[in-house]
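Beneath this line is the structure, given in structure tokens, with notes to follow.
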Amino acid sequence: MLSRCLHRLSVKFTFFLAAWIALFVAAPESAFGAGYLLTDNGLVKRWCKKDGNGYVGEEFLINSATIPWWSLFAVGIKKAMYLWNSNIAPIKYGAKFGNGVKGGYRIDDTISSIARVSPFVSGVTAPAAAYVEENIDNGCIQNVDVIISMAQPYTSSQYKSANYIYSATGKRSLITALLHELGHGLGLAHEVNTYNIMGNDTTNVSTNGNKANPFIDSDAMSGIVSMYGIKGGIYSVTDFIASHFKYDPIRSKKNGEYGQAMWTEAYDTEGNLLDVTLINAVTGKYLPIGSSQRAEPAYKVYPGQNIIAEFTLQTNTTSSFPVDVSAKFYYSDDFTINQYDQEIGKTTFHCKLETCQETVQVPLTVPVTIPVSSVGPTKKVGFLGVVLNPGRVFGTDFNSPYEKDLSNNSTYLALDIRNSPVDTYYSFKGEIVSGPKWIPQGGTIELPVNAAGDVI
Numbered sequence: 001m002l003s004r005c006l007h008r009l010s011v012k013f014t015f016f017l018a019a020w021i022a023l024f025v026a027a028p029e030s031a032f033g034a035g036y037l038l039t040d041n042g043l044v045k046r047w048c049k050k051d052g053n054g055y056v057g058e059e060f061l062i063n064s065a066t067i068p069w070w071s072l073f074a075v076g077i078k079k080a081m082y083l084w085n086s087n088i089a090p091i092k093y094g095a096k097f098g099n100g101v102k103g104g105y106r107i108d109d110t111i112s113s114i115a116r117v118s119p120f121v122s123g124v125t126a127p128a129a130a131y132v133e134e135n136i137d138n139g140c141i142q143n144v145d146v147i148i149s150m151a152q153p154y155t156s157s158q159y160k161s162a163n164y165i166y167s168a169t170g171k172r173s174l175i176t177a178l179l180h181e182l183g184h185g186l187g188l189a190h191e192v193n194t195y196n197i198m199g200n201d202t203t204n205v206s207t208n209g210n211k212a213n214p215f216i217d218s219d220a221m222s223g224i225v226s227m228y229g230i231k232g233g234i235y236s237v238t239d240f241i242a243s244h245f246k247y248d249p250i251r252s253k254k255n256g257e258y259g260q261a262m263w264t265e266a267y268d269t270e271g272n273l274l275d276v277t278l279i280n281a282v283t284g285k286y287l288p289i290g291s292s293q294r295a296e297p298a299y300k301v302y303p304g305q306n307i308i309a310e311f312t313l314q315t316n317t318t319s320s321f322p323v324d325v326s327a328k329f330y331y332s333d334d335f336t337i338n339q340y341d342q343e344i345g346k347t348t349f350h351c352k353l354e355t356c357q358e359t360v361q362v363p364l365t366v367p368v369t370i371p372v373s374s375v376g377p378t379k380k381v382g383f384l385g386v387v388l389n390p391g392r393v394f395g396t397d398f399n400s401p402y403e404k405d406l407s408n409n410s411t412y413l414a415l416d417i418r419n420s421p422v423d424t425y426y427s428f429k430g431e432i433v434s435g436p437k438w439i440p441q442g443g444t445i446e447l448p449v450n451a452a453g454d455v456i
């Protein structure tokens, strides 16, 4: 389906000359949204039943033998269902716990289920999978069976230190994996053309401080809304999302089925990618060469430098349109962006339909007040941050749009701040033993991948 995004940025910044503001460039929007699962005769698979409130979905029987109700796995399942249920479409997933598994993992042909299974029993080698059964005559989904491989280490934690995208000792997020599989359960197919939960789900997180909070992106929600409509009345929902990941077209094309993501980037005013230092993705500190820890990029800058910073911003809403959401930009000495940090700019994000997604490029100035010693250390790590709907996030303006979940409104981009322009010219030429690597010539920091190009 076509992505239904149309908006512009109206930028108001404290530190810019008007002529420089004119250099602002918005990154292009994604062209396509998530696709649909189809029956053999070309019908779209979807739930046809509704209850009195117009909700669609299913109550899953959770296999208590492999997922006890008190387990952290159960917590992850409930969180994934909550994120679907609390979004803008009339979805109502539920869970109950019990036994009765037959055939290794499936309950029967009329009950939807979730179970952890051994790949030797199921024959499925993927980390997780969803089996969607439908009436071939009308495409109506009858039941969904989700299996979670026992061979894949998972975590239900939202801390960066527990997530293998950020930590070498972390595990795959169970929540994002289930958001993906439950998306299949609603009729969505894999997506390769956008930053989407139906592509590689592992980077569908909004990261601020020590948390990486999973979310359902607006492209996937656009597909769901086209099938099921939006909530209304007392069930209205608004959700604004900020992320420091963006769509990676090169690795997505190489993969061919799952859309891949990369870190958002920073550029000089001519559009040249800034040089990069690697920092520890968990602590936000400099990462020694040869470290086995996961890394993320810190872009080399100097105080007073004009740069262009990228953030991926999204909105899902049932409100009247267009929806304007304010965005403020901050400088912080750590990666937890809050109202006590130094505000360096603000803008308004316009969304004219239910869902919008865009990786925006924002002109910002590195504050000149950053204390970088001229004797001793000549560099420090700092962070640029964005906060969407800051009046509601910080509790300073209750006339701003109401959101049930404010955990995904803020994110950051790391900086390696040097004393002077000369200090920023040094290029890192090494390679981290285990983790992302720096490719000097027009390159980027990549997420850790295997030979097939999938994030590992």
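Sequential numbering of the sequence shown, starting at 1, is according to the working numbering. Glycine residues also receive a C-beta, built at the ideal position from the N, C-alpha and C atoms.
(message) Between the alpha carbons of G413 and I165, how many angstroms are there, rounded?
(response) As a position in the sequence shown, residue 413 is number 413, starting the count at 1. As a position in the sequence shown, residue 165 is number 165, starting the count at 1. According to the sequence shown, residue 413 is Leu rather than Gly. Distance between the alpha carbons of L413 and I165 is about 16 Å.
(request) Could you check which residue in I67, N408 and S291 has the C-alpha nearest to that of T169? (result) Counted from its first residue, the sequence shown places residue 169 at position 169. If we check each option's Cα against that of T169, S291 comes out closest.
(request) Let me know the secondary structure DSSP gives W70 once reduced to three states. (result) Looking up residue 70 in the sequence shown gives position 70. In the structure shown, W70 sits in coil (DSSP, three-state: anything other than H, G, I, E or B).
(message) Using the three-state DSSP reduction, which class does G391 fall into: helix, strand or coil?
(response) On the sequence shown, residue 391 is found 391 positions in, with the first residue counted as 1. Looking at G391 - three-state DSSP - the assignment turns out to be helix.
(request) In angstroms with no decimal places, state the Cα-to-Cα distance between F329 and L384. (result) As a first step, residue 329 must be located in the sequence shown, where it is residue number 329. As a first step, residue 384 must be located in the sequence shown, where it is residue number 384. Distance between the alpha carbons of F329 and L384: 7 Å.
(request) Assign T269 to one of three DSSP states: helix, strand, or coil. (result) Looking up residue 269 in the sequence shown gives position 269. When secondary structure is reduced to three states using DSSP, T269 falls in the coil class, being assigned neither helix nor strand.
(message) Please classify T411 as buried or exposed, where buried requires at least 16 neighbouring CB atoms within 10 angstroms.
(response) Taking the first residue of the sequence shown as position 1, residue 411 is located at position 411. By the Cβ neighbour-count rule, T411 is buried, with 16 or more other Cβ atoms within 10 Å of its own.
(request) Reducing DSSP to helix, strand and coil, say where M262 ends up. (result) Counting from one through the sequence shown, the residue named residue 262 turns up at place 262. Reduced to three states, the DSSP call for M262 is strand.
(message) Counting beta carbon pairs with one atom in the segment 267-280 and one in the segment 314-328, are three or more of them shorter than 8 Å?
(response) No: fewer than three Cβ pairs fall under 8 Å.
(request) Specify the secondary structure class of I224 as computed by DSSP and reduced to three states. (result) Within the sequence shown, numbered from 1, the residue matching residue 224 stands at position 224. Helix at I224.
(request) From the DSSP output, in three-state form, read off E58 for me. (result) Reading the sequence shown from its first residue, position 58 is the one you call residue 58. Residue state, collapsed to three classes: coil.
(request) Counting only the same chain and skipping the five closest in sequence on each side, list residues whose C-beta sits under 6 Å from that of V362. (result) Working through the sequence shown from its first residue, we reach residue 362 at position 362. If the five residues before and after V362 are omitted, its C-beta is found closer than 6 Å to the C-beta atoms of A309, all from its own chain and listed in chain order.
(message) Closer than 8 Å is the cut-off here; do at least three beta carbon pairs connect the segment 230-242 with the segment 78-97?
(response) Yes, they touch.
(message) I'd like the span of the beta strand (DSSP E) that includes T359, first residue to last.
(response) Here residue 359 refers to the residue found at position 359 of the sequence shown. Element bounds for T359: T355 to T365.
(message) Quick check: F60 and S156, are their CB atoms within less than 8 Å of each other?
(response) Stepping through the sequence shown from its first residue, residue 60 is reached at position 60. Stepping through the sequence shown from its first residue, residue 156 is reached at position 156. Against a cut-off of 8 Å, the Cβ pair of S156 and F60 comes out as no contact.
(request) Examine chain C for any beta-carbon lying closer than 8 Å to the beta-carbon of I111, and answer yes or no. (result) Of the protein chains in the structure, only one exists, and it is not chain C.
(message) If the criterion is Cβ atoms closer than 8 Å, does the pair N210 and S161 meet it?
(response) To locate residue 210, count along the sequence shown from 1; it is residue 210. To locate residue 161, count along the sequence shown from 1; it is residue 161. Their beta carbons are under 8 Å apart, which means N210 touches S161 by this criterion.
(message) Taking only three categories from DSSP, how would you classify R172?
(response) By 1-based counting over the sequence shown, the position of residue 172 is 172. Residue state, collapsed to three classes: strand.
(request) Kindly give me the distance between the Cβ atoms of L182 and M81, rounded to whole angstroms, as I take these residues to be in contact under 8 Å. (result) Indexing the sequence shown from 1 puts residue 182 at position 182. Indexing the sequence shown from 1 puts residue 81 at position 81. Right, the Cβ-Cβ distance comes to about 7 Å (below 8 Å), so this counts as a contact.
(request) Taking F240 as the reference, give the member of I344, P390, A65 and V75 with the closest Cα. (result) As a first step, residue 240 must be located in the sequence shown, where it is residue number 240. It is P390.
(request) Given a cut-off of 8 Å, decide if D341 and V381 are closer than it, judged by their beta-carbon atoms. (result) In the sequence shown, the residue the question calls residue 381 occupies position 381. In the sequence shown, the residue the question calls residue 341 occupies position 341. For V381 and D341, no; Cβs fall outside 8 Å.
(message) Could you compute how far the alpha carbon of S112 sits from the alpha carbon of A65?
(response) Here residue 112 refers to the residue found at position 112 of the sequence shown. Here residue 65 refers to the residue found at position 65 of the sequence shown. Computed Cα separation, rounded: 16 Å.
(message) If I measure Cβ to Cβ from V132 and keep anything under 7 Å in the same chain, skipping five residues before and after, which residues do I get?
(response) Locating residue 132 in the sequence shown gives position 132, where the first residue counts as 1. In the same chain as V132, and ignoring 5 residues on each side of it, the C-beta atoms closer than 7 Å to its own belong to L37, K45, I141, V144, H184 and G185, in chain order.
(message) Can you check which of these residues, E354, W263 and A295, is closest to Q314 by C-alpha distance?
(response) Your numbering for residue 314 matches position 314 in the sequence shown. Ranking E354, W263 and A295 by Cα distance to Q314 puts E354 first.
(message) Please tell me whether N193 and G256 are closer than 8 Å, where the distance is taken between their beta carbons.
(response) Within the sequence shown, residue 193 is the residue found at index 193, counting from 1. Within the sequence shown, residue 256 is the residue found at index 256, counting from 1. It is not a contact, given that the beta carbons lie outside the stated cut-off.
(request) Would you give the residue range spanned by the alpha helix (DSSP H) that S252 belongs to? (result) Here residue 252 is taken as the residue at index 252 of the sequence shown, counted from 1. P249 to N255 is the extent of the alpha helix (DSSP H) around S252.
(message) Which residue marks the beginning of the beta strand (DSSP E) containing Y412, and which one marks its end?
(response) Translated into the one-based positions of the sequence shown, residue 412 becomes position 412. Element bounds for Y412: S410 to R418.
(message) Please state the DSSP three-state secondary structure of V75.
(response) Position 75 of the sequence shown holds residue 75. In this structure, V75 counts as helix in the three-state DSSP scheme.
(request) Look at I307 and D268 and say whether their C-beta atoms are less than 8 Å apart. (result) The sequence position of residue 307 within the sequence shown is 307, counting from 1. The sequence position of residue 268 within the sequence shown is 268, counting from 1. Contact flag set, yes.
(message) Per the DSSP calculation, Q339 is bridged to which residue(s)?
(response) For the purposes of this step, residue 339 is taken as the residue at position 339 of the sequence shown. Q339 is not bridged to any residue.
(message) Taking the beta strand (DSSP E) that P214 belongs to, which residues open and close that run?
(response) As a working note, residue 214 is residue 214 in the sequence shown. That run of the beta strand (DSSP E) goes K211 to P214.
(request) Put Y131 into one of helix, strand or coil per three-state DSSP. (result) Walking along the sequence shown from the start, residue 131 turns up at place 131. The answer is strand: DSSP assigns Y131 an E or B state.
(request) Determine the direct distance from the alpha carbon of F394 to that of Q339, and round the result to whole angstroms. (result) Position 339 of the sequence shown holds residue 339. Position 394 of the sequence shown holds residue 394. Taking the straight line joining both Cα atoms gives about 7 Å.
(request) Consult DSSP for E181 and reduce its assignment to one of helix, strand or coil. (result) Position 181 of the sequence shown holds residue 181. In the structure shown, E181 sits in a helix (DSSP, three-state: H, G or I).
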